[in-house]
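Here the protein sequences line up with chains A and B, keeping their order. Under the working numbering, the residue at position 47 of the first sequence is numbered 47, and the numbers go up by one with no gaps. Each number in the working numbering corresponds to the 1-based position in the second sequence with 115 added. For each residue, glycine too, the CB sits at the ideal point set by N, CA and C.
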Amino acid sequence: DSGVTQTPKHLITATGQRVTLRCSPRSGDLSVYWYQQSLDQGLQFLIHYYNGEERAKGNILERFSAQQFPDLHSELNLSSLELGDSALYFCASSGGLAGSTDTQYFGPGTRLTVL
Amino acid sequence: AQSVTQLDSHVSVSEGTPVLLRCNYSSSYSPSLFWYVQHPNKGLQLLLKYTSAATLVKGINGFEAEFKKSETSFHLTKPSAHMSDAAEYFCVVILISSGSARQLTFGSGTQLTVLP
Numbered sequence: 001d002s003g004v005t006q007t008p009k010h011l012i013t014a015t016g017q018r019v020t021l022r023c024s025p026r027s028g029d030l031s032v033y034w035y036q037q038s039l040d041q042g043l044q045f046l047i048h049y050y051n052g053e054e055r056a057k058g059n060i061l062e063r064f065s066a067q068q069f070p071d072l073h074s075e076l077n078l079s080s081l082e083l084g085d086s087a088l089y090f091c092a093s094s095g096g097l098a099g100s101t102d103t104q105y106f107g108p109g110t111r112l113t114v115l
Numbered sequence: 116a117q118s119v120t121q122l123d124s125h126v127s128v129s130e131g132t133p134v135l136l137r138c139n140y141s142s143s144y145s146p147s148l149f150w151y152v153q154h155p156n157k158g159l160q161l162l163l164k165y166t167s168a169a170t171l172v173k174g175i176n177g178f179e180a181e182f183k184k185s186e187t188s189f190h191l192t193k194p195s196a197h198m199s200d201a202a203e204y205f206c207v208v209i210l211i212s213s214g215s216a217r218q219l220t221f222g223s224g225t226q227l228t229v230l231p
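Right, dumping it as structure tokens:
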């Protein structure tokens, strides 16, 4: 158990809908990262938040957004869903900005299925 | 820009024989490299990481990896495979996009099958 929690585990929804995925980092971790894992694209970095502020963006679509709250949990919002958004979404956390060797600890993921 | 290439998409070994999963990296400076493992329907678990302290890195479950700068490689090995090692393995490099931003860049993964 990494200490990172994600809810829900599974989500089934229809095209055009909007969903929110939630992540709670390990106790004391200030950084939260979101990744998408799909069969055709592999594992891709979406976005990084540190202590409530956005720090880096990867291959995140404009239909997707994220935020990190004062209690450090994070939410990933996916809107106008398309079939191709079906994937496993992972959240990871790390201690912060101290050096370039921060280890990221991954949650169990949320499996999103868009029908 | 940093990137990693996993040279084999599938590796199959017999139980009790050695495991070799190959990874080459590309980086404009000394990289931080990781190996993660993903068991079916599970999250990603850190096996080991290289952070320039020692070129031979020991990880969990008997795995180790050697950083070879001259070959730009970071291959993962285990002397004797166990059935429970069957999983997908990812070689990962950390990208620092600005002073404080970090993101992991994943290889395409190697599916390890262990035969009885």
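Beta-carbon within less than 6 Å of A:G52's beta-carbon, same chain only, minus the 5 sequence neighbours each way: which residues are those?
As a working note, residue 52 of chain A is residue 52 in the first sequence. Counting only Cβ-Cβ distances below 6 Å, and skipping sequence neighbours, we find Q68.
B:K157 versus chain A: which residues are under 9 Å apart at the beta carbon?
By one-based count along the second sequence, residue 157 of chain B stands at place 42. Within 9 Å Cβ-Cβ: P108, G109.
I'd like to know if B:L191 contacts chain A, where contact means its C-beta is closer than 8 Å to some C-beta of that chain.
Residue mapping note: residue 191 of chain B aligns to position 76 of the second sequence, counting from 1. No, no contact with chain A.
Beta carbon of A:W34, beta carbon of A:L76: below 8 Å?
Taking the first residue of the first sequence as position 1, residue 34 of chain A is located at position 34. Taking the first residue of the first sequence as position 1, residue 76 of chain A is located at position 76. Yes, these two residues count as a Cβ contact at 8 Å.
Could you give the distance in angstroms between the alpha-carbon of A:A98 and the alpha-carbon of B:Q117?
Residue mapping note: residue 98 of chain A aligns to position 98 of the first sequence, counting from 1. Residue mapping note: residue 117 of chain B aligns to position 2 of the second sequence, counting from 1. Confidence at A:A98 is low in this model, with a pLDDT of 48, below 50, so the placement of that residue is unreliable and no value is reported for it.
Who are A:Y49's beta bridge partners in DSSP?
Here residue 49 of chain A is taken as the residue at index 49 of the first sequence, counted from 1. A:Y49 is bridged to A:V32, A:E54.
With respect to the beta strand (DSSP E) encompassing B:Y144, which residues constitute its N-terminal and C-terminal limits?
Taking the first residue of the second sequence as position 1, residue 144 of chain B is located at position 29. No beta strand (DSSP E) contains B:Y144, which DSSP labels as neither H nor E.
Taking A:R26 as the reference, which of A:L46, A:G107, A:T7, A:T20 has the closest Cα?
Counted from its first residue, the first sequence places residue 26 of chain A at position 26. The shortest Cα separation from A:R26 among A:L46, A:G107, A:T7, A:T20 belongs to A:G107.
Taking C-beta pairs closer than 7 Å, name the residues in chain E that B:G224 reaches, listed in chain order.
Included in the structure are the protein chains A and B, with no chain E among them.
Compare the beta carbon distance of A:T110 and A:Q6 with 8 Å and say whether it is the shorter of the two.
By one-based count along the first sequence, residue 110 of chain A stands at place 110. By one-based count along the first sequence, residue 6 of chain A stands at place 6. Going by C-beta atoms, A:T110 is nearer than 8 Å to A:Q6.
Could you check what DSSP says for B:I175 in three-state terms: helix, strand or coil?
Along the second sequence, read from residue 1 onward, the residue named residue 175 of chain B stands at position 60. Three-state DSSP puts B:I175 in a helix.
Return the CA-CA distance between B:S195 and B:A202, expressed in angstroms with no decimal places.
By 1-based counting over the second sequence, the position of residue 195 of chain B is 80. By 1-based counting over the second sequence, the position of residue 202 of chain B is 87. Approximately 15 Å between the Cα atoms of the pair.
In angstroms with no decimal places, state the Cα-to-Cα distance between B:A180 and B:C138.
Translated into the one-based positions of the second sequence, residue 180 of chain B becomes position 65. Translated into the one-based positions of the second sequence, residue 138 of chain B becomes position 23. The alpha-carbon atoms of B:A180 and B:C138 are separated by roughly 10 Å.
Tell me, to the nearest whole angstrom, how far the beta carbon of B:Q160 is from that of B:V152; I am working on the premise that it is less than 8 Å.
In the second sequence, the residue the question calls residue 160 of chain B occupies position 45. In the second sequence, the residue the question calls residue 152 of chain B occupies position 37. Contact holds; Cβ gap of about 5 Å.
Given a threshold of 16 other Cβ atoms within 10 Å of its Cβ, counted over all protein chains shown, does A:A14 qualify as buried or as exposed?
Here residue 14 of chain A is taken as the residue at index 14 of the first sequence, counted from 1. Under this definition A:A14 is an exposed residue.
Using a C-beta cutoff of 8 Å, does A:H48 count as contacting chain B?
Start at 1 with the first residue of the first sequence, and residue 48 of chain A comes out as number 48. Yes, A:H48 lies at the interface with chain B (some Cβ there is under 8 Å from its Cβ).
If we ignore side chains and look at the alpha-carbon of each, how far apart do A:D1 and A:L78 end up?
Counting from one through the first sequence, the residue named residue 1 of chain A turns up at place 1. Counting from one through the first sequence, the residue named residue 78 of chain A turns up at place 78. A:D1 and A:L78: Cα-Cα distance of roughly 26 Å.
Out of A:A56, A:I12, A:Y50, which one is the CA nearest neighbour of A:V114?
Within the first sequence, the letter at position 114 stands for residue 114 of chain A. Comparing Cα-Cα distances from A:V114 to each of A:A56, A:I12, A:Y50, the minimum goes to A:I12.
Where does B:S199 fall in DSSP's three states?
The count along the second sequence starts at 1 and reaches residue 199 of chain B at position 84. Here B:S199 sits in helix by DSSP.
Could you check the C-alpha separation between B:W150 and A:R55 for me, to the nearest Å?
The count along the second sequence starts at 1 and reaches residue 150 of chain B at position 35. The count along the first sequence starts at 1 and reaches residue 55 of chain A at position 55. Approximately 24 Å between the Cα atoms of the pair.
Is any beta-carbon of chain B found at less than 8 Å from that of A:F116?
Residue 116 of chain A falls outside the range modelled here, since chain A spans only 1 to 115, and no answer is possible.
Does the Cβ of A:D71 have 16 or more other Cβ atoms within 10 Å, making it buried, or fewer, making it exposed?
Taking the first sequence and counting its residues from 1, one reaches residue 71 of chain A at position 71. Answer is exposed; the Cβ neighbour count stays below 16.
I want to see whether chain A comes within less than 8 Å of B:Y171, judged by CB atoms only; does it?
Here residue 171 of chain B corresponds to residue number 56 of the second sequence, with the count starting at 1. For clarity, residue 171 of chain B is Leu in the given sequence; the question names Tyr instead. No, its Cβ sits nowhere closer than 8 Å to a Cβ of chain A.
In chain A, which residues lie with their C-beta within 7 Å of the C-beta of B:F221?
Indexing the second sequence from 1 puts residue 221 of chain B at position 106. Ordered by position in chain A, the residues that pass the 7 Å Cβ test against B:F221 are G42, L43.
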